[in-house]
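Structure, as C-alpha cells:
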Amino acid sequence: MKAKEIMIQKIESNIETYMELVQTMYNNPEIGNEEFETMKLLVDYLDKVGFKTTSGYVVPTGFLGEYDTGKEGPTIAVMCEYDALPEVGHGCGHNLIAGIGVATGEAVKEIIDQFGGKLLVVGTPAEENFGGKVSMSEAGVFDEVDVALMVHPGSKNGVGGRSTALNPIKFEFFGTNAHACKPQQGASALDAAVMSYLQINLLRQFVNQNTFIHGVIKDGGEAANVIPAYASLEYYFRAPTMSYAKEVTEKAIQAVDAICKANNVTYKTSTYECPYEDTVINYKLADILTEKYTELGVENIYPVEEIAGGSTDVGAVSYRCPTIQGNIKICGEEVSGHTVEMAQATISKDGEKGLIKASQGLALTILELLENPALLAEVKQEFKETVGKNYDNFT
Ligand SMILES: [Zn+2]
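Residues in the sequence shown are numbered consecutively from 1, following the UniProt record's numbering.
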C-alpha cells in the first residue's frame, strides 16, 4: 500500500478510538493549566501507540510525544490543544483539536520511516488565557522544528488566518478611604477607574483599523457609604501587530495618568495574562492544505483570512517556525464559538467527520513535505522572508 492510503485508512479504521478520547475530554473538561487528567489520557494513548512521551513538558500540563526515525529528515510538529472554558466546557472544541492531533500523529508515524526525520506531537495547554505555546516558544521548543501544524474546528472549512496581537493590562487605582458623608477627607479610586474607563472608550475612535479595546471594572469598592480606596480595571488591547497594541496601551496609560492626577489617586499597571503575538501566515502551507482538503472532498474551503479576528497563542509559534492552523467545519454558522452548542458539535457525527477530514488533511500535507524536500525548502524560505519583516513585533 502507498503511504497515502496507509494514513487515510489508519485514521478511518481508528476513528472510534479517537472519538472516545474526544468524548472523555468532553465529559471531563479541564480549564487552562489544570488539564492534568487530560494530559494523562493523551500521554497514555501516545505511549501505547509507540511514541516516546514526556509529561509536564515545559509547563505542568504540557506534554511531548516523540517519534524519531533515526534517519536524517525534517522535524514535524503536530500541536494539540485541550483546555476547556468555564461554564461551557469544550465550547471552543479543543478536545477535537487534541483528537485531530493524535490521529494525525499516529497516521504519520506509520509512514515516516520511509522518509526519515522526526515527528513530534506537542501538547500545548491553556490556549485560552495562559498561552502554553508562548511558554514553549520561549523555551525553544519550536526552534528546531521545520513545520508546525494543527486544525481548529468551527463553522467553516479553511486554511487559517491572521490573529490579533493581544496585550492584557490591569490598571489598579489607589485612593483614600473616608466616610461617604466626609468625602473631602478621601480620594475615590472608583472615580478614577470610571473616568479611565470612559476615556479609554473615547480612544477607540482614534486608533487604526482592526484594533480592539475592551475592558471590565474588576474592583469598584465594597460599600456605598465608604469612599473606595481601591479599584481596578482589566483590559485587552488588541491590534494587527504587537508594536501597535503596545502603542495603544501607552496612550491609555497616559490618559489614566492624567485622570489619577486629577483625582488625587495613584495607579499601577501590570500584565495580568499572557500577551499573544499576531499570527504570521505561511501561504505555501495554506496552498498545500487547500490542495489536500480538495483531494479529500472537503468543500467550501475559505482562503487565508486576512482580517484578524481573535487572538491565539499559535501566534508565538508562527514567529519561530513555518506554522499553519487550518479550520474544519463541524457545525452551521449559527453556532458561535465558546458555547455549549459548539461543545456538543465536537461529539456529533459532524464532529467525527471533521476529525477524519482534518487529520487526513494534515497527514497528507506532512506527506507532501516529506516526499518533496524542494517544497519544504520553499515553505521555509517564505517563513524566513516574512518573519524577518514582522519580527520586531516580538518582545
Ligand atoms: Zn480555540
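Note that CB positions come from ideal geometry on N, CA and C, so glycine has one too.
A quick note: this is a predicted structure, and the numbers were derived from the prediction, not measured.
How big is the Cα-Cα spacing for Leu-21 and Asn-28? 11 Å
Using C-beta distances below 6 Å, list every residue in its chain close to Val-134, excluding the 5 sequence neighbours before and after it, in chain order. Cys-274, Asp-313 and Ala-316
Under the three-state DSSP convention, the category Asn-264 falls into: coil
State yes or no: is the C-beta of Ile-97 nearer than 8 Å to some heavy atom of ligand 1? Under cutoff, so the answer is yes.
Is Thr-339 near ligand 1, going by C-beta to nearest heavy atom under 8 Å? No, the Cβ of Thr-339 stays beyond 8 Å of every heavy atom of ligand 1.
Ends of the beta strand (DSSP E) at His-152? 147 to 154
Supposed close pair Cys-321, Val-145 - CB separation, criterion 8 Å: 4 Å
Please state whether DSSP places Ile-169 in a helix, a strand or coil. strand
Based on the DSSP secondary-structure assignment, which residues constitute the bridge partners of Asn-208? Beta-bridge pairing links Asn-208 to no other residue.
Give a single yes or no on whether Cys-92 has its beta carbon closer than 8 Å to a heavy atom of ligand 1. Yes; taking the cut-off as 8 Å, the Cβ of Cys-92 has a heavy atom of ligand 1 nearer than that.
Specify whether the region 283 to 291 and the region 167 to 182 touch according to this definition: at least 3 beta carbon pairs, one from each stretch, less than 8 Å apart. no
Inter-residue Cα distance where the pair is Ala-126 and Ala-192: 33 Å
Exposure of Pro-183, with buried meaning 16 or more beta-carbon neighbours within 10 Å: exposed
If we ignore side chains and look at the alpha-carbon of each, how far apart do Gly-326 and Glu-306 end up? 14 Å
Quick one: what's Gln-360 bridged to in DSSP? In DSSP, Gln-360 forms no bridge with anything.
If you measure from the CB of Glu-273, is any heavy atom of ligand 1 nearer than 8 Å? In this structure, Glu-273 has its CB at a distance of at least 8 Å from all heavy atoms of ligand 1.
For Asn-327, report the span of its beta strand (DSSP E) as first-last. Element bounds for Asn-327: 323 to 329.
Looking only at its own chain, which residues have a Cβ that is under 6 Å from the Cβ of Cys-331, when we skip the five neighbours before and after it? Ser-155 and Ala-345
Which of the three DSSP states, helix, strand or coil, is assigned to Thr-279? Coil at Thr-279, not helix or strand.
Would you list, in sequence order, the uninterrupted beta strand (DSSP E) runs of no fewer than 3 residues that lie entirely inside the region 71 to 155? Qualifying beta strand (DSSP E) stretches, in chain order: 75 to 80, 118 to 123 and 147 to 154.
Looking at ligand 1, does it come within less than 8 Å of Glu-305, judged from the CB to the closest heavy atom? no
Can you determine whether any heavy atom of ligand 1 sits closer than 8 Å to the C-beta of Thr-312, and answer yes or no? yes
What do you reckon, is the C-beta of His-152 under 8 Å from a heavy atom of ligand 1? yes
Using CA coordinates, which residue listed in Val-121, Val-194, Gly-297 and Tyr-26 is at the minimum distance from Ala-84? Tyr-26
Decide if the region 116 to 125 is in contact with the region 68 to 80; the criterion is three or more beta carbon pairs, one per stretch, under 8 Å apart. yes
Alpha carbon to alpha carbon, how far is Gly-93 from Gln-114? Give it in angstroms, no decimals. 33 Å
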